[in-house]
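Structure follows, in structure tokens:
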């Protein structure tokens, strides 16, 4: 589990001017990991943050643990696979704040299984969270952003939106699809004042791995700690502030994406080799 992240020394000592004063931000999957850190980062920068996730208890714990920003948080338990809950999330946000400036589609779930062993019901459930969830949220906020003639839609993908990993075919498919959706939507919204930003993190140390659909092996195959989710949160804010179309985290992820374009067979070899190394640990765990 990752440690509690605190504001930087500069932010504490010198009180930097907030970059998102009174902006209204919806964050899905805000109860832990990248979503939690993103919500805190936006609050720290002056935004009003709507916390969406299935667990109301975890959302309230987050808000209460940061009482200095309590008036900036609105807790709205939301399951992004349910149309009525997504509609309520957006309607309640509009009723409280009158606008939506940024939507962060972060809620997601993983799956580790060979293609032949993936239960189809679990594949459907994964796609409903990772792809249909963002679709629901985007369709719900778009009419309001169009009326405002401004807004930012941030879709949290993965390096696996561009390169693949063995035993992750369903997850990779969902993230490839989300990136394609983002690129298509960006073209359709050109000239409307609404931006679409894709954030592609690499391996990040969050509870994501303990919560994934998993068929055999340990929850984490890599012996290395991933990046802290606060790093991803900073990238989200940087992408919004600088109006980026895509942000890729970590040098190794950028290298893998580059290698996929230049020499995909070499990348395939590297992925197979790393999978064989980690499969030894996998085979020892029931």
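In the numbering used here, the protein residues as written are 1 to 286. Ideal placement from N, C-alpha and C gives every residue a C-beta, glycine not left out.
Do residue j and residue i come within 8 Å of each other at the CB atom, strictly closer than that value?
i           : j           : result
residue 37  : residue 202 : no
residue 42  : residue 20  : yes
residue 108 : residue 29  : yes
residue 257 : residue 162 : yes
residue 148 : residue 197 : no
residue 247 : residue 200 : yes
residue 44  : residue 22  : no
residue 50  : residue 81  : no
residue 171 : residue 181 : no
residue 193 : residue 150 : yes
residue 75  : residue 100 : no
residue 115 : residue 169 : yes
Could you give the first and the last residue of the continuous alpha helix (DSSP H) run that contains residue i?
i           : result
residue 231 : 229 to 241
residue 28  : First-last for residue 28: 24 to 28, but that is the beta strand (DSSP E), not the alpha helix (DSSP H).
residue 96  : 83 to 97
residue 177 : 169 to 188
residue 57  : 56 to 65
residue 125 : 120 to 127
Assuming the contact rule is C-beta atoms closer than 8 Å, residue i and residue j should be a hit. Round their C-beta distance to whole Å, please.
i           : j           : result
residue 104 : residue 27  : 5 Å
residue 54  : residue 83  : That belief does not hold up - the Cβ atoms of residue 54 and residue 83 are roughly 15 Å apart, past 8 Å.
residue 25  : residue 102 : 4 Å
residue 77  : residue 56  : 4 Å
residue 294 : residue 122 : As shown, the chain starts at 1 and ends at 286. That puts residue 294 outside it, with no answer to give.
residue 174 : residue 126 : 6 Å
Residue i lies in the beta strand (DSSP E); which residues open and close that run?
i           : result
residue 76  : 73 to 77
residue 246 : 246 to 248
residue 51  : 48 to 53
Opposite residue i in the DSSP bridges: which residues?
i           : result
residue 41  : In DSSP, residue 41 forms no bridge with anything.
residue 152 : 102, 195
residue 200 : 248
**Message:** Taking 8 Å as the cut-off, does the segment 130 to 149 touch the segment 63 to 71 (at least 3 CB pairs, one atom from each stretch)?
**Reply:** Look at the beta carbons and you see the segment 63 to 71 not touching the segment 130 to 149: under three pairs across the two are nearer than 8 Å.
**Message:** Measuring CB atoms only, is the segment 178 to 191 touching the segment 226 to 243, in the sense that at least three cross pairs come out at less than 8 Å?
**Reply:** no
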